[in-house]
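Heads up: the structure comes next, in structure tokens.
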Amino acid sequence: MRRKQSFWFVRWQEKMTRKCMDTLSAQKPKANTEPPKLFVNLPPPSGHAVIFKSGSSHAWGALGCGAEAGKPARHGERGQGCARGEPSIPAKGQGLRPALGKQSQPRGWGVVPHHTATRSPPGSCRLRGLSPLATAFPLRHSRGRLLRTGPQELLGAAIMRRLPRRAPPSCALPVQRGRRHLVPSPRAVSAMAGLLCRLLLCLAAARAAAADLLAEEVRRTVDLSTHLAKVSAEIGLANAAGGTATAASAFLLALEPGLEPHLAYLGVQVKGEEEEENTLEVRETKVKGKSGKFFSVKLPSPLAPGAKVRVSVEMVFTHVLQPYPTHITQSEKQFVVFEGNHYFYSPYFTKTQTTRVKLASRNVESYTKLGNPSRTEDMIEYGPFKDIPPYSQDTLKVHYENNSPFLTITSMTRVIEVSHWGNIAVEETVDLKHTGAVLKGPFSRYDYQRQPDSGISSVKSFKTILPAAAQDVYYRDEIGNISTSHLLVLDDSVEMEIRPRFPLFGGWKTHYIIGYNLPSYEYLYNLGDQYALKMRFVDHVFDEQVTDSLTVKIILPEGAKNIHVDSPYEINRASDELHYTYLDTFGRPVIVAHKSNLVEQHIQDIVDPAAEARMKVACITEQVLTLVNKRLGLYRHFDEAVNKYKQSRDISTLNSGKKSLETEHKALTNEIASLQSKLKTEGSDLCDKVSEIQKLDGQVKELVLKSSVEAERLVAGKLKKDTYIENEKMHSNKRQELVTKIDNILDAL
Numbered sequence: 001m002r003r004k005q006s007f008w009f010v011r012w013q014e015k016m017t018r019k020c021m022d023t024l025s026a027q028k029p030k031a032n033t034e035p036p037k038l039f040v041n042l043p044p045p046s047g048h049a050v051i052f053k054s055g056s057s058h059a060w061g062a063l064g065c066g067a068e069a070g071k072p073a074r075h076g077e078r079g080q081g082c083a084r085g086e087p088s089i090p091a092k093g094q095g096l097r098p099a100l101g102k103q104s105q106p107r108g109w110g111v112v113p114h115h116t117a118t119r120s121p122p123g124s125c126r127l128r129g130l131s132p133l134a135t136a137f138p139l140r141h142s143r144g145r146l147l148r149t150g151p152q153e154l155l156g157a158a159i160m161r162r163l164p165r166r167a168p169p170s171c172a173l174p175v176q177r178g179r180r181h182l183v184p185s186p187r188a189v190s191a192m193a194g195l196l197c198r199l200l201l202c203l204a205a206a207r208a209a210a211a212d213l214l215a216e217e218v219r220r221t222v223d224l225s226t227h228l229a230k231v232s233a234e235i236g237l238a239n240a241a242g243g244t245a246t247a248a249s250a251f252l253l254a255l256e257p258g259l260e261p262h263l264a265y266l267g268v269q270v271k272g273e274e275e276e277e278n279t280l281e282v283r284e285t286k287v288k289g290k291s292g293k294f295f296s297v298k299l300p301s302p303l304a305p306g307a308k309v310r311v312s313v314e315m316v317f318t319h320v321l322q323p324y325p326t327h328i329t330q331s332e333k334q335f336v337v338f339e340g341n342h343y344f345y346s347p348y349f350t351k352t353q354t355t356r357v358k359l360a361s362r363n364v365e366s367y368t369k370l371g372n373p374s375r376t377e378d379m380i381e382y383g384p385f386k387d388i389p390p391y392s393q394d395t396l397k398v399h400y401e402n403n404s405p406f407l408t409i410t411s412m413t414r415v416i417e418v419s420h421w422g423n424i425a426v427e428e429t430v431d432l433k434h435t436g437a438v439l440k441g442p443f444s445r446y447d448y449q450r451q452p453d454s455g456i457s458s459v460k461s462f463k464t465i466l467p468a469a470a471q472d473v474y475y476r477d478e479i480g481n482i483s484t485s486h487l488l489v490l491d492d493s494v495e496m497e498i499r500p501r502f503p504l505f506g507g508w509k510t511h512y513i514i515g516y517n518l519p520s521y522e523y524l525y526n527l528g529d530q531y532a533l534k535m536r537f538v539d540h541v542f543d544e545q546v547t548d549s550l551t552v553k554i555i556l557p558e559g560a561k562n563i564h565v566d567s568p569y570e571i572n573r574a575s576d577e578l579h580y581t582y583l584d585t586f587g588r589p590v591i592v593a594h595k596s597n598l599v600e601q602h603i604q605d606i607v608d609p610a611a612e613a614r615m616k617v618a619c620i621t622e623q624v625l626t627l628v629n630k631r632l633g634l635y636r637h638f639d640e641a642v643n644k645y646k647q648s649r650d651i652s653t654l655n656s657g658k659k660s661l662e663t664e665h666k667a668l669t670n671e672i673a674s675l676q677s678k679l680k681t682e683g684s685d686l687c688d689k690v691s692e693i694q695k696l697d698g699q700v701k702e703l704v705l706k707s708s709v710e711a712e713r714l715v716a717g718k719l720k721k722d723t724y725i726e727n728e729k730m731h732s733n734k735r736q737e738l739v740t741k742i743d744n745i746l747d748a749l
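Each residue of the sequence shown is one higher than the last, beginning at 1 in UniProt numbering.
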């Protein structure tokens, strides 16, 4: 199966100056080695800088000194004379909002960590959520120093984790010794109450909408032909039309309790107006009074009462096929057991449902027979089942022969090293295990080579697909080079047949390293000193691959800073590391990310929502430009038909040209209107410009038709030639002005 390309983006900035080198050489503060600090982003006066760093659960930061006059400190720059223990590496945009007093001087919160203080200094308040204890002082700037100011002059900042960021509490507190206080202001209480009310209303609306949905028809297919369980379902959802029915903007998906830990991938799609499949947004959620995993799927548009929509759900489960028996000899075949549900597990009432189970072979030991199922070759079909209540469960069990390769990547480390000199080196360290029925008894190489069906469930070799530009490929292990491999260069990829040193039987493991080089011009982009690396997060190893644990390390060039990572799905970012190699002075930054339970569906292109929206708008705009120019060309063709009519006096020529103009013009105008509605859906302001083009075009068409009418009158002798020439000149000038306006709008687009 040909895999899709999966990319993740890593952006950074390089500027090899002395200040940059000093910045990158500064050590990052270790976790839990110093008390957390609260940061408020102040507009710094001359001689001051603001530096900050985001923590895992609350903001870190400090007020520092030493920036250039009138400029904030650079990202990662340590101010001169900063307080001891202040972190020096900021994150981008993570600080709290500015807190300014009533006077013109900027003010904010300064945080002094302490472990043993039992009393709060006058004019201060303790902050909840800081561990170890920290005391917050209202501060102000005065001639290069940080001075304490009274709390009554301070508007405050959003410092409680559970408060909305835009609802700043006040710290004007009654000072009592030996106690900690944080009293929110009436404004903060009002904001919190409003937020809570909106949240409760949204939850109530969601529950009401969910209660009105029902599944009219569900067609489910369970593919058990490999070592994975792939479940695909076509669901026809309907919003019940009733007096209390409301539009539903999302629907719920539920997972069977026994399959929750085995879910590797979940995707939902819906077909659009042009039969194109649109991927829907899926987020994990919770349902009150219900345990287990639930997912909220956002519909492309709210489903009105009485309306229907058809969605496709794809789920992939790993390690759900259990070998039975668990141990087999070299000459025996492998049988597995699958346990699932006869019904599609759904939180909605289902009117009708069918389930088809696809097996790996025709050899079936046993299967459950609910509803008198039909069986043909390697397919078992259950249903149709009628009127199924929500959360219905009935055990489906199939015991059948499955000799497909039960290969699992137990651990994989993927290292991508970016060089300044036009090369990207990729190295993958793979730990592979056969997770099928364990081999019982000795292994006979003689029988294995003599009998074709000996060790039928074992794995002799598999294919790995590398990028088309891969070169200098190597395949080795701790012993050295493994020569039992073959490389085939194709137009769009490089296929590598990997044959381990020994065949893999159930329970056997192998370990190998594969590496190759790639030209950087295919994956690295730059704009000035800004660089972007676009690489696959996980690549193809073998068909129907399962990766239990993946670690990806990206080694960037020395001097890289302002690093930002976009991934195609949620990943676990570990703390960055430093990598030292030849001629390095302060080390190369290493991005470390982890992900578990990956399958082939994770090999997908990254979707940056903002970039995706811009690209979609650009594509729609390009189509609008093409259609508008094509529509303007219709008028020129019609002018030619009018000129022929004036020469030949053949009215059929004019009528034919007019009919062609009306038909094609109507079709093009409808297409442009459709694209205009898409621009409106995307929220683009270009929709107004397209609307203006439509109005101007209507005026152009009116002038063109007027000219044809006057040409008819001229030929019929009802209009003098001098009058016709004068009117034609006036119409031509107006038409040229309108076309010029349209061209200007097109240029702006």
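Just so it is clear, CB atoms sit at the ideal spot from N, CA and C, and this is done for glycine as well. Treat the numbers as computed from the prediction; the structure is a model and nothing was measured.
Rounded to the nearest whole angstrom, the C-alpha separation of Thr-285 and Phe-294 is 5 Å. Under the criterion of beta carbons closer than 8 Å, Val-313 and Leu-253 qualify as touching, at roughly 7 Å. Pairing Lys-433 with Lys-460, the inter-Cα distance amounts to about 13 Å.
Of the residues Thr-547, Leu-396, Leu-632 and Ser-656, the one whose Cα lies closest to the Cα of Val-357 is Leu-396. Glu-217 sits away from Thr-355, with the two beta carbons spaced by 9 Å or more.
Ile-603 sits away from Asp-685, with the two beta carbons spaced by 9 Å or more. With contact defined as three or more Cβ pairs closer than 8 Å, the region 326 to 333 and the region 433 to 444 are in contact. The count of Cβ pairs closer than 8 Å, one atom from the region 367 to 382 and one from the region 549 to 565, stays below three, leaving the stretches out of contact. Under DSSP, Gln-471 shares a beta bridge with Asn-517.
Here Met-315 is buried, its C-beta having at least 16 other C-beta atoms within 10 Å.
Secondary-structure assignment with DSSP links Ala-248 through a beta bridge to Leu-303. Cα atoms of Ser-232 and Asp-477: separation of roughly 39 Å, rounded to the nearest angstrom. Here the C-alpha atom of Lys-369 lies approximately 15 Å from the C-alpha atom of Val-337. Ranked by Cα distance from Asp-639, the options Val-590, Asn-629, Ser-575 and Lys-706 are led by Lys-706. Burial of Arg-536 is indicated by the presence of at least 16 other C-beta atoms within 10 angstroms of its C-beta.
The beta carbon of Glu-277 lies closer than 8 Å to those of Gln-269, Val-270, Lys-271 and Ser-312 in the same chain, with the five residues before and after it left out. Contact between the region 520 to 529 and the region 446 to 461 is not established, with fewer than three Cβ pairs separated by less than 8 Å.
In this chain, the alpha helix (DSSP H) harbouring Val-700 covers 686 to 715. Partner residues in the beta bridge of Val-336, as assigned by DSSP, are Pro-323 and Tyr-400.
Fewer than three beta-carbon pairs drawn from the region 379 to 398 and the region 480 to 488 are found closer than 8 Å, and the two stretches are therefore not classed as touching.
Judged by beta-carbon spacing, Ser-361 lies beyond the 9 Å limit of Tyr-324, meaning their Cβ atoms are not closer than that value.
Phe-462 and Leu-255 have their C-alpha atoms some 33 Å from each other. In the displayed model, Leu-578 falls within a strand according to three-state DSSP.
Non-local beta-carbon contacts of Thr-408 in its own chain, meaning distances under 7 Å to residues more than five positions away in sequence, involve Lys-433, Thr-435, Val-546 and Asp-548 in chain order. Taking C-beta atoms as the reference points, Thr-740 and Leu-679 fail to come closer than 9 Å. By the C-beta criterion, the region 639 to 654 is judged not to be in contact with the region 684 to 698, since fewer than 3 inter-stretch pairs fall below 8 Å. Counting along the chain, Leu-738 sits inside the alpha helix (DSSP H) bounded by residues 721 to 748. The beta-carbon separation of Pro-305 and Ala-247, rounded to 7 Å, stays under the 8 Å limit for a contact. With a cutoff of 9 Å on beta-carbon distance, Ile-513 and Thr-429 are scored as near each other. According to the DSSP secondary-structure assignment, Asp-223 is paired through a beta bridge with Lys-230 and Lys-358. Of all alpha-carbon atoms in Lys-595, Pro-405, Leu-490 and His-731, the one lying nearest the alpha-carbon of Leu-550 is that of Lys-595. Ranked by Cα distance from Gln-471, the options Met-412, Ile-479 and Leu-490 are led by Leu-490.
Under the three-state reduction of DSSP output, His-342 falls in the coil class, being neither helix nor strand. Taking 9 Å as the cut-off, the Cβ atoms of Gly-340 and Val-222 count as close. Runs of the beta strand (DSSP E) lying entirely within the region 384 to 469 and spanning at least 3 residues, in chain order: 395 to 401, 407 to 418, 423 to 434 and 462 to 466. Around the Cβ of Pro-257, a 10 Å sphere holds fewer than 16 other Cβ atoms; the residue is exposed.
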